[in-house]
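In what follows, a structure is listed as structure tokens, so that the remarks can point back to it.
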Amino acid sequence: MKLHIGCGKKYLPGYKHLDIIDYDHVDYVCDAKRLKMIDDETVSEIYACHILEHFKRNEVLEVLKEWHRVLVPNGLIRISVPDFEAIVAEYLVNGDLNRLQGLLFGGQTYDYNFHHVAFDFTSLKSLLNEAGFYEIKKYDWKNFLPEGYDDYSRAYLPHMDFENGRLMSLNLQAKKRK
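FYI, in the numbering used here the residues of the sequence shown are 136 to 313.
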């Protein structure tokens, strides 16, 4: 089984979808920090795009450990989060904080749309390591997502300017230690 955690309104072919909101395509309606309905080591791949920052700082490690629990040995996880390093670089160049509020604090348009923690490569890699993952590296969304699929893993400023813009998403992949 492949699992798309925190899918929201996005449908990714070939995946079971999990979200706290009961959209039509969601297979598991639950909080992504407790995957009680999924047995240990039954998921071959997890995709979690811009959900980890919605957990409180003191919950992130436990969330990653829970996701680790359901993955098979050597199972793959892909995580995308707002990239704090890119956010700072964008601010230093443009000085426009309003343009970065959503990346920093979430859209705040409904109860679950708040960010509680920021990540850069070093901090997220360290948490993944501590949760039991290895071979942690950046991945290119172009080599993963289906043609035309649009989600936050490919968030650029200016919006969708893949040629000249700055990628605002930190996209990491890792494997579960045996």
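The beta-carbon is built from N, C-alpha and C at its ideal position, and this holds for glycine as well.
Ranking 292, 235, 151 by CA distance to the CA of residue 165 puts 151 first. Using a Cβ-Cβ distance cut-off of 8 Å, the region 196-212 and the region 168-183 are in contact, since at least three pairs of beta carbons, one from each stretch, lie closer than that value.
Cα atoms of residue 250 and residue 289: separation of roughly 18 Å, rounded to the nearest angstrom. Note that the region 299-310 does not touch the region 193-200; fewer than 3 beta-carbon pairs, one per stretch, sit closer than 8 Å.
In this chain, residue 225 is not harboured by any beta strand (DSSP E); it is covered by the alpha helix (DSSP H) spanning 219-229. If you look at residue 306, you'll find it in the beta strand (DSSP E) that goes 304-311.
Closest in alpha carbon position to residue 257, among 233, 242, 220, 225, is 220. Within 10 angstroms of the beta-carbon of residue 191 lie fewer than 16 other beta-carbons, which makes it exposed.
When secondary structure is reduced to three states using DSSP, residue 297 falls in the coil class, being assigned neither helix nor strand. In the DSSP annotation of this structure, the continuous segment of the beta strand (DSSP E) that includes residue 152 starts and ends at 151-154.
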